[in-house]
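Okay, so here's the structure we're looking at.
Chains as they are written, first to last, in the working numbering: chain R, 1120 to 1456; chain B, 1120 to 1456.
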């Protein structure tokens, strides 16, 4: 569509190294869960590595069967690439397969990998690197409809809420596309812009590129970032909000969380404060912006108390309130038109 | 102070090329106006070039007299470096003088200039390139006091208001430092961070670096960027505001302007809206934030109507209201304690 968004080539081979801990293989698992139709296989360097229930596949088989991209599906503390991975990644690149990662170490900073890619014609795609030709936002109204997930904090389900909304909306007959604004989301969607890596002047312009003009009845379901009340990341949330021109938003929250994670001197804003501030700021570019529901990550709530907790929030704010991983999102989708 | 801010080496030689139009030599004129004590000379490539009333100086004389930096004081449409400048810039770099510019073309992308700097030991400093080791904002309270200039729009006097405040506060016995957040401001101050060029995640962290801990009675006068109601740049304004932890702010406005410049489909926010939104957002990191006054660029107001216009705004908002270039800023400084 737009040259300004990253585009990954499917089908995918998910690379898991020898990572056995599910927490560190979230990206690979996320891709397999949300885009199974794009995943042709997995490549594990040991039998102990996590099994995503995809066919195990060598680089040779992958190359012969037309794999488009090898996606590094594990995150590493420190973010560098272990020496033990290099032969495999180089073989794949030399076979013309694109290598996709979002680690701190840039793929193109590794000489042997750069050489292999040059030989085979595969690309090295770092999903942390945004396009370089982003514009400043115009603020001009675009056609189509947009839903943005926002949050009381980081890391509480904005991406998965958006993905579940996409899945449920498609099942309900909506035309809907998840729009990824972060690196894991981009690897899942196969496209997107890493908004938090964009140069400050272009945040809202990148958000405009991320959900371009579309059919009047089409919904873009945009992955939110940060929180409008976050002392570190609020600027990113602000820029994404006004560039998205959201018609509706869903507030994502983690049940039981009381403070900004990692910023313990900042109390969590209330859901009501987030709703009010999101409408105040978002109305600059879309005067009709409204909240369509609340999405709660209830992992820290006892199973027996979950429904009462959600019901209480729903009454308090007069909005549907779901844990999307438990209840699905149809109660929220009923609010869309 | 901090490794994270740019630092220019004085004394300066202001390079004007053959630019005869004052509009395009604003940077050079700004440095000569606001930091005369740092300017040892000017270098003009023709007699028609603008005269800043500094001693004309050749590269040879500059090198012999210990000039620290040659600062390119002209802005060019397109932002590239004319071939006719290169010999002079290379001679200066080869003589060990730092070359400082904020053009679209990066100085270090020009091979002959890179070679000359390597030979002479001078640095090539592009004030559009922020430091690479910026942190995410902590939101932790810093000692000292801070004033931020904010605006109803871009390009209406936030930098000059801050500089005039610094000048008047120093004259009134305050300890005060202008803190530059944009490229021209950085060239004037000799230090600063180009906030709009920072990667999104680090905007507020850069703002924290820009006005570090200081003496309890010291004032940092921080150059604002954009406008909190700007469809393109609001995210930058938001990040700078919360990272600055401003105790007070001054709203800058251009008399007669009715729409966001370059975004004519967006009406200008009122001064009252900017005050309210700035307090709402700024109170996240400084609950005591307050507005200390209004600074109006009255260039488009007839001289005979200026004082009545300012008086009317002052009554409307219950705040001192000045054109800093006409009235100075002492009415605003009276509000500080």
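Heads up, the beta-carbon is just placed ideally off N, CA and C, and yes, glycines get one too. Keep in mind the model is a prediction, meaning the values are calculated, not measured.
Contact with chain B by residue i, beta-carbon distance below 9 Å
i, result
"residue 1357(R)", "yes"
"residue 1239(R)", "no"
"residue 1382(R)", "yes"
"residue 1323(R)", "yes"
"residue 1252(R)", "no"
"residue 1352(R)", "yes"
"residue 1319(R)", "yes"
"residue 1385(R)", "yes"
Residue i burial status per 10 Å Cβ neighbour count (16 or more: buried)
i, result
"residue 1179(R)", "exposed"
"residue 1141(B)", "exposed"
"residue 1304(R)", "buried"
"residue 1342(B)", "buried"
"residue 1161(R)", "buried"
"residue 1202(B)", "exposed"
"residue 1240(B)", "exposed"
"residue 1417(B)", "buried"
"residue 1346(B)", "buried"
"residue 1378(R)", "exposed"
"residue 1405(B)", "buried"
"residue 1147(R)", "buried"
"residue 1259(R)", "exposed"
"residue 1344(B)", "buried"
"residue 1402(B)", "exposed"
"residue 1372(B)", "buried"
"residue 1330(B)", "buried"
Interface flag, residue i vs chain R, CB-CB below 9 Å
i, result
"residue 1278(B)", "no"
"residue 1403(B)", "yes"
"residue 1258(B)", "yes"
"residue 1398(B)", "no"
"residue 1361(B)", "yes"
"residue 1314(B)", "yes"
"residue 1246(B)", "no"
"residue 1124(B)", "no"
"residue 1348(B)", "yes"
"residue 1255(B)", "yes"
C-alpha distance - residue i paired with residue j, whole-angstrom precision
i, j, result
"residue 1194(R)", "residue 1135(B)", "51 Å"
"residue 1367(B)", "residue 1124(B)", "23 Å"
"residue 1272(B)", "residue 1186(B)", "37 Å"
"residue 1300(B)", "residue 1315(B)", "8 Å"
"residue 1284(B)", "residue 1443(B)", "8 Å"
"residue 1337(B)", "residue 1131(B)", "27 Å"
"residue 1188(R)", "residue 1151(R)", "14 Å"
"residue 1324(R)", "residue 1176(B)", "44 Å"
"residue 1365(B)", "residue 1391(B)", "18 Å"
"residue 1205(R)", "residue 1199(R)", "11 Å"
"residue 1267(B)", "residue 1363(R)", "28 Å"
"residue 1154(R)", "residue 1308(R)", "7 Å"
"residue 1128(B)", "residue 1306(B)", "10 Å"
"residue 1380(R)", "residue 1172(B)", "56 Å"
"residue 1294(R)", "residue 1339(R)", "9 Å"
"residue 1120(B)", "residue 1321(R)", "The predicted position of residue 1120(B) is uncertain, since its pLDDT is 39 and thus under 50; a value taken from the coordinates is nonetheless stated next. About 29 Å."
"residue 1389(B)", "residue 1376(B)", "11 Å"
"residue 1313(B)", "residue 1425(B)", "33 Å"
"residue 1133(R)", "residue 1126(R)", "16 Å"
"residue 1435(B)", "residue 1420(B)", "18 Å"
"residue 1246(R)", "residue 1302(R)", "5 Å"
Contacts around residue i, its chain only, beta-carbon distance under 7 Å, and the 5 residues preceding and following it disregarded
i, result
"residue 1287(R)", "1447, 1448, 1449 and 1452"
"residue 1144(B)", "1135, 1138, 1169, 1192 and 1193"
"residue 1335(R)", "1262 and 1263"
Sequence-distant residues of its chain with Cβ nearer than 8 Å to residue i (five each side left out)
i, result
"residue 1439(B)", "1411, 1412, 1413, 1433, 1450, 1451, 1453 and 1454"
"residue 1382(B)", "1349, 1350 and 1351"
"residue 1164(R)", "1135, 1136, 1137, 1203, 1204 and 1207"
Distance between beta carbons of residue j and residue i, contact taken as under 8 Å
i, j, result
"residue 1355(R)", "residue 1370(R)", "About 17 Å; that fails the 8 Å criterion."
"residue 1253(B)", "residue 1317(B)", "6 Å"
"residue 1270(B)", "residue 1277(B)", "5 Å"
"residue 1214(R)", "residue 1182(R)", "4 Å"
"residue 1430(R)", "residue 1358(B)", "About 37 Å; that fails the 8 Å criterion."
Same chain only: Cβ atoms within 6 Å of residue i, ignoring 5 sequence neighbours per side
i, result
"residue 1220(R)", "1191 and 1226"
"residue 1256(B)", "1323, 1324, 1327 and 1362"
"residue 1282(R)", "1153 and 1297"
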